[in-house]
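**Q** When we follow my numbering, the leftmost residue of the sequence shown carries the number 3, and every step to the right adds one. All residues carry an ideal CB built from backbone N, CA and C; glycine is no exception. As the structure is a computational prediction, the values presented were derived from the model and not from experiment. Dropping a structure here in structure tokens format, bear with me for questions.
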Amino acid sequence: MMTQFVGIYPALVTPSDANGGVNVSALEQLVDYLLAKGIDGLYIGGTTGEGIYTSVPERQQMAEVVLRRVGGRIPVIVHVASIAFADAQALARHAAQHGAAGFASIMPPTYNSTASVIAYYKALAASAPSLPFFSYILNPHIDPVGVMRELMGAVPNLIGAKYTGPNMYEMRQIMDMNQGKWVTFSGMDEECVYAAMMGVDGAIGSTLNFMPGAYRFIRDAVAHGDHAAAQDMQIKANKVTAAMIEVGFGGALREVLRMIGIDAGEPRLPSLPLSAEARASLRKALESTDFAALVAL
């Protein structure tokens, strides 16, 4: 069950149409682009996919479109966290019914109580007990090591975590739990090389939407002991990421997709679209990076 969860998993962008709904044709185009790039799986409806800013019917539509387009060729993990817990449960059941390989949920960011987070995960995982479940660790107020330790024997279908953060020691502690049987994904594109050196199973990230080959190169280079080449590729990728962050990452990600021929529309609030000036600034900044070469990988 767990061996399929390995490698490069883009955190899929949810393309928007002119009315703010899901742009199905652009979504299918993006999935096809990534499949042609040889990705290992997809992670949908997460932070990059603006899941919590999207209605339940739209999230279900997105999941159905992606799962149908993928057609079982690669595993798809559906992120289901919602402000309303009942919505998260409904999305988990929907994912199971439509052939997702697994589902995930962020640690509720507005709760600082470990007991609350553990209760949340137990109840949510039980909504789709036959489907592998991942904790998405992105809450600086909660001890993720403590949470995962508590959940280890209490949630039968919990098989691992997506760890988004810079603390490689903390990530490795989670990897070593459960007799090393966890599946652990790194979620910070900028530190993919260091996570790979720590032995993480795979990478889930935003910039994998347009340059997944760069991260495959990093992981392959680390696996073959060529850490210098891996680090050099990470530096090149990070220069692209830095240019995007400089103008506003959410809007920049949509603009970069336009640059490779996929019109993903504009981000959903509270993310902001780029102004014409910011778009021009981004494109100029990318000219001084290895953007084109990284996209081509």
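Can you check whether the CB of Gly-148 is closer than 9 Å to the CB of Thr-350?
**A** One cannot answer for residue 350 here, as it falls past the ends of the chain, which runs 3 to 299.
**Q** Quick check: is any heavy atom of the ligand COA less than 8 Å from the C-beta of His-96?
**A** With respect to small molecules bound, the structure shown includes none, and the ligand COA cannot be examined in it.
**Q** Excluding five sequence neighbours on each side, which residues of the same chain lie with their C-beta closer than 6 Å to the C-beta of Tyr-45?
**A** Tyr-11, Ala-13, Ile-79, Ile-206, listed in sequence order.
**Q** DSSP three-state call for Met-3: helix, strand or coil?
**A** Note that Met-3 has pLDDT 44, beneath the 50 cutoff, so the model's placement of it is unreliable and the number below is only indicative. In this structure, Met-3 counts as coil in the three-state DSSP scheme.
**Q** What separation, rounded to the nearest whole angstrom, lies between the Cα atoms of Met-235 and Phe-219?
**A** Rounded to the nearest angstrom, the two C-alpha atoms are 8 Å apart.
**Q** Which same chain residues end up closer than 8 Å to Ala-223 when comparing Cβ atoms and leaving out the 5 residues on each side of it in sequence?
**A** So the list reads His-229, Ala-231, Ala-232, Met-235, once near-sequence residues are dropped.
**Q** Please tell me whether Val-249 and Leu-296 are closer than 9 Å, where the distance is taken between their beta carbons.
**A** Not in contact: Val-249 and Leu-296 (Cβ atoms no closer than 9 Å).
**Q** Leaving out five residues on either side along the sequence, give the residues of the same chain with a beta carbon under 7 Å from the beta carbon of Asp-203.
**A** Once the five neighbours on either side are set aside, the close Cβ partners of Asp-203 are Phe-7, Val-8, Val-185, Thr-186, Phe-187.
**Q** Just mark Lys-286 as buried or exposed, buried being the case when its beta carbon has 16 or more other beta carbons within 10 Å.
**A** Lys-286 is exposed by the Cβ-count criterion.
**Q** With DSSP as the reference, please indicate the residues paired to Pro-12 in a beta bridge.
**A** The partner list for Pro-12 (beta bridge, DSSP) reads Gly-207.
**Q** Does the region 92-104 touch the region 24-37, meaning 3 or more C-beta pairs lie closer than 8 Å?
**A** The answer is no - the region 92-104 does not touch the region 24-37, with fewer than three Cβ pairs under 8 Å.
**Q** Report the three-state DSSP secondary structure of His-81 (helix, strand or coil).
**A** The answer is strand: DSSP assigns His-81 an E or B state.
**Q** Within a Cβ cutoff of 6 Å, which residues of the same chain sit near Gly-252, ignoring the five residues on either side of it in sequence?
**A** Cβ within range, chain order: Pro-269, Ser-273.
**Q** Just list the residues that DSSP pairs Ile-46 with in beta bridges.
**A** In the DSSP output, where bridge partners are listed per residue, Ile-46 has Val-80.
**Q** Roughly how many whole angstroms lie between the Cα atoms of Gly-182 and Met-109?
**A** C-alpha separation (whole angstroms): 22 Å.
**Q** With a cut-off of 8 Å on the beta carbons, I'd call Val-24 and Gln-63 a contact; round off their distance for me.
**A** Indeed they touch by this definition, with Cβ atoms about 6 Å apart.
**Q** Taking just the CA atoms, how far does Asn-180 sit from Leu-259?
**A** Their Cα atoms are separated by approximately 39 Å.
**Q** Leaving out five residues before and five after Glu-192 in sequence, what residues of the same chain have Cβ atoms less than 7 Å from its Cβ?
**A** Answer for Glu-192: Asn-240, Thr-243, listed in chain order.
**Q** For Gly-201 and Cys-194, what's the separation of their Cα atoms in angstroms?
**A** Cα-Cα distance, rounded: 11 Å.
**Q** Looking only at C-alpha atoms, which of His-96, Thr-50, Ser-290 sits nearest to Phe-212?
**A** Cα-wise, what sits closest to Phe-212 is Thr-50.
**Q** To the nearest angstrom, how far is the alpha carbon of Thr-166 from that of Met-173?
**A** Distance between the alpha carbons of Thr-166 and Met-173 is about 9 Å.
**Q** Identify every residue that forms a DSSP beta bridge with Ser-107.
**A** Partner(s): Ser-137.
**Q** Does the distance from the CB of Thr-209 to the CB of Met-246 come in under 9 Å?
**A** Yes, Cβ-Cβ distance for Thr-209 and Met-246 is below 9 Å.
**Q** In whole angstroms, give me the CA-to-CA distance for Ile-237 and Met-261.
**A** Answer to the nearest angstrom: the Cα atoms are 21 Å apart.
**Q** Whole angstroms are fine: how far does the CA of Pro-17 sit from the CA of Pro-275?
**A** Each residue's Cα considered, the two are about 13 Å apart.
**Q** Under a three-way DSSP split, which group does Ala-244 fall into?
**A** Correct three-state label for Ala-244: helix.
**Q** Note down, in chain order, each residue of its chain lying with its Cβ closer than 8 Å to the Cβ of Ala-298, except the 5 sequence neighbours on either side.
**A** The residues are Gly-215.
**Q** Compute the Euclidean distance between the alpha carbons of Gly-332 and Ala-282, then round it to the nearest angstrom.
**A** Shown here, the chain extends from 3 to 299; a query on residue 332 therefore has no answer.
**Q** Does the region 124-136 come close enough to the region 149-163 that 3 or more CB-CB pairs lie under 8 Å?
**A** As far as the Cβ criterion goes, the region 149-163 touches the region 124-136, which means the pair count is three or higher.
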